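For the sequence shown, the residue numbers in UniProt numbering are 1 to 176. Note that CB positions come from ideal geometry on N, CA and C, so glycine has one too. Predicted model only: the values in this text are computed from it and were never measured. Single-structure report; data block below.
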Amino acid sequence: VFSSPWLLTPWLQTSAALEKCPLPTLGMPTDQCDNCGRRPPHVTLSKCSGCKCVAYCGTLCQTTHWREAHKVQCKRLLTASQDTQSGQRIDSGDRRCSHCNHRAPLGSQLQRCGGCKAVAYCGPHCQIQAWKAGHKQQCAQLAAARNSTGAVMSSNSKVGCLGQRAGSLEVEDQDE
């Protein structure tokens, strides 16, 4: 199981150098660009005006990250940041692969992400592609949000993420 160092470090979560995004327990160092990972000296990073959970060193990084991954993530993070009651189901009701968006055939099962349990895939191929496309950065965050809110997320939750590394899938129950 992977995890970002800033999620694992409790002292960092309470540090004055850390601004929290709207999701409980999700916050990140404000001195690192979410696209390129650089920590430019004497530059104030600009936070996403939508979710306020990511920051960029410039418009090029912001535009690149938006096109590659954040456009979908931003909406999901906004949905996750809305108040939810413990045990509340957050579900779009549509059973589609979270990567290729193909609808699951009637009676078939999607394989749920073993990390965040928020999304499901047709199979390992879509899971691997989703991991490479950016799930590596979102899975731990969404799992933390799920754990802190107590919300039950189903396969294509509006709070979904992009996937989990190969070999860590669980079969989703059809009656969810």
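Quick one: is Cys100 buried, meaning 16 or more other Cβ sit within 10 Å of its Cβ, or exposed?
To locate residue 100, count along the sequence shown from 1; it is residue 100. Exposed, because fewer than 16 other Cβ atoms sit within 10 Å of the Cβ of Cys100.
Could you name the residues of the same chain whose beta carbon sits closer than 8 Å to that of His102, not counting the 5 residues immediately before and after it, in chain order?
Here residue 102 is taken as the residue at index 102 of the sequence shown, counted from 1. Taken in chain order, the residues that qualify are Arg96 and Cys122.
How about Cys74 and Gly50: do their beta carbons lie closer than 8 Å?
As a position in the sequence shown, residue 74 is number 74, starting the count at 1. As a position in the sequence shown, residue 50 is number 50, starting the count at 1. In this structure, Gly50 lies closer than 8 Å to Cys74 by Cβ.
Output yes or no for whether 8 Å exceeds the beta carbon distance between Gly115 and Ala143.
For this step, residue 115 is matched to residue 115 along the sequence shown. For this step, residue 143 is matched to residue 143 along the sequence shown. In this structure, Ala143 lies closer than 8 Å to Gly115 by Cβ.
In the DSSP assignment, find the unbroken alpha helix (DSSP H) run with Gln32 in it and report its ends.
For the purposes of this step, residue 32 is taken as residue 32 along the sequence shown, with counting starting at 1. It is not in any alpha helix (DSSP H) - Gln32 carries neither H nor E in the DSSP assignment.
Between Leu45 and Pro105, what straight-line distance do the alpha-carbon atoms span, to the nearest angstrom?
Locating residue 45 in the sequence shown gives position 45, counting from the first residue. Locating residue 105 in the sequence shown gives position 105, counting from the first residue. When rounded, the distance between both Cα atoms is 45 Å.
Quick one: is Val119 buried, meaning 16 or more other Cβ sit within 10 Å of its Cβ, or exposed?
Against the sequence shown, residue 119 aligns to sequence position 119. Per the 10 Å Cβ criterion, buried.
Roughly how many angstroms lie between the CA atoms of Trp131 and Arg38, to the nearest whole one?
Residue 131 sits at position 131 when you count from the first residue of the sequence shown. Residue 38 sits at position 38 when you count from the first residue of the sequence shown. The straight-line gap from Cα to Cα measures roughly 22 Å.
Quick one: grab the DSSP three-state call for Lys117.
Start at 1 with the first residue of the sequence shown, and residue 117 comes out as number 117. Lys117 falls in the coil class under three-state DSSP.
Could you give the DSSP three-state label for Gln109: helix, strand or coil?
Reading the sequence shown from its first residue, position 109 is the one you call residue 109. Note: Gln109 maps to coil in three-state DSSP.
Residue interval of the alpha helix (DSSP H) (run including Leu60):
Locating residue 60 in the sequence shown gives position 60, where the first residue counts as 1. Segment Thr59 to His65, the alpha helix (DSSP H) holding Leu60.
Out of Gln32, Cys61 and Arg76, state which residue places its alpha-carbon closest to the alpha-carbon of Gln141.
Reading the sequence shown from its first residue, position 141 is the one you call residue 141. Cα-wise, what sits closest to Gln141 is Arg76.
Check each candidate in Cys139, Ser98, His65 and Cys113 and name the one with the smallest Cα separation from Cys48.
In the sequence shown, the residue the question calls residue 48 occupies position 48. Here the closest residue by C-alpha is His65.
Determine the contact status of Asp31 and Tyr56, defining contact as a CB-CB distance below 8 Å.
One-based indexing of the sequence shown puts residue 31 at position 31. One-based indexing of the sequence shown puts residue 56 at position 56. The answer is no: Cβ separation not under 8 Å.
Determine the contact status of Val54 and His42, defining contact as a CB-CB distance below 8 Å.
Translated into positions along the sequence shown, residue 54 becomes position 54. Translated into positions along the sequence shown, residue 42 becomes position 42. For Val54 and His42, no; Cβs fall outside 8 Å.
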